[in-house]
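Note sheet for the following structure.
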Amino acid sequence: MVFDGNLSLKVYDLLKKIPRGKVTTYSEIAKVLGNMNLARAVGNTLNRNPDLVSVPCYRVVRSDGSVGGYKLGCGKKIELLESEGVEIKDGRIDCLEAYLFCFKGQ
DNA sequence: ACGACGGCCCTCG
DNA sequence: ACGAGGGCCGTCG
-9 MVFDGNLSLK VYDLLKKIPR GKVTTYSEIA KVLGNMNLAR AVGNTLNRNP
41 DLVSVPCYRV VRSDGSVGGY KLGCGKKIEL LESEGVEIKD GRIDCLEAYL
91 FCFKGQ
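The opening residue of the first sequence carries number -9 in our numbering; numbering runs sequentially from there.
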């Protein structure tokens, strides 16, 4: 398994639960994992483990709504999100609340 | 074991 | 609204 790290396992698991057309944020994941400061580590992990097929990394955006980064380029990320129905304006999601997926209670 | 980055976040001028 | 600074965490060389 390429999922050696403990963190990546959890992150990946969460991402798999996100339905098409929905997104989440690095901080949300971090919170769910217990520590909001994990946000940076989460991004780092996703970057080092670009399992683009098994995990929809592109469904993770920044807390302010901006798409954030992507291993294959933020442009590609935006492209993918839009193809799922997420409206992005100037590299930013207008109504993040509308697309944000809630892990809490899942 | 150590230091340096990174798909970040939040607060304060 | 915008920019700068500080902080915390994991992975890689």
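Every residue gets a Cβ at the ideal spot worked out from N, C-alpha and C, and that includes glycine.
Inset, instruction - Give me the Cα-Cα distance between Val76 and Leu4, rounded to the nearest whole angstrom. - result: The residue labelled residue 76 in the question sits at position 86 within the first sequence. The residue labelled residue 4 in the question sits at position 14 within the first sequence. Approximately 19 angstroms between the Cα atoms of the pair.
Legend entry - Same chain, Cβ closer than 6 angstroms to Phe91, five either side skipped, listed in chain order: Position 101 of the first sequence, counted from the start, is the residue given in the question as residue 91. Hits under 6 angstroms: Ile8, Lys12 and Thr14.
Inset, instruction - Classify Val43 as buried or exposed, calling it buried when 16 or more other Cβ atoms lie within 10 Å of its own Cβ. - result: Reading the first sequence from its first residue, position 53 is the one you call residue 43. The residue in question, Val43, is exposed, as its Cβ has fewer than 16 Cβ neighbours within 10 Å.
Inset, instruction - Please classify Glu87: is it buried, with 16 or more other beta-carbons within 10 angstroms of its beta-carbon, or exposed? - result: Locating residue 87 in the first sequence gives position 97, counting from the first residue. Result: exposed.
Legend entry - Complete alpha helix (DSSP H) runs within the stretch 16 to 56 (minimum length 4 residues, chain order): 16 to 22 and 28 to 38
Inset, instruction - Look at Ser53 and Tyr16 and say whether their C-beta atoms are less than 8 angstroms apart. - result: The sequence position of residue 53 within the first sequence is 63, counting from 1. The sequence position of residue 16 within the first sequence is 26, counting from 1. Result yes, Cβ atoms of Ser53 and Tyr16 sit closer than 8 angstroms.
Inset, instruction - For Val1, name the three-state secondary structure that DSSP assigns. - result: One-based indexing of the first sequence puts residue 1 at position 11. Residue state, collapsed to three classes: helix.
Inset, instruction - Since I believe Ser56 is in contact with Gly95 (beta carbons under 8 angstroms), could you give me their beta-carbon distance rounded to a whole number of angstroms? - result: Counting from one through the first sequence, the residue named residue 95 turns up at place 105. Counting from one through the first sequence, the residue named residue 56 turns up at place 66. Not really, about 26 angstroms apart at Cβ, beyond 8 angstroms.
Legend entry - CA-to-CA distance, Ala29 to Ala20, given in whole angstroms: If you number the first sequence from 1, residue 20 lands on position 30. If you number the first sequence from 1, residue 29 lands on position 39. The alpha-carbon atoms of Ala20 and Ala29 are separated by roughly 5 angstroms.
Legend entry - Whole-Å CB distance - Val50 paired with Lys6, under 8 angstroms assumed: Against the first sequence, residue 50 aligns to sequence position 60. Against the first sequence, residue 6 aligns to sequence position 16. Incorrect: roughly 12 angstroms between the Cβ atoms, too far for contact.
Inset, instruction - Can you give me the Cβ contacts of Asp84 inside the same chain, cut-off strictly under 7 angstroms, excluding the 5 residues immediately before and after it? - result: Against the first sequence, residue 84 aligns to sequence position 94. Correct list, in chain order: Glu77.
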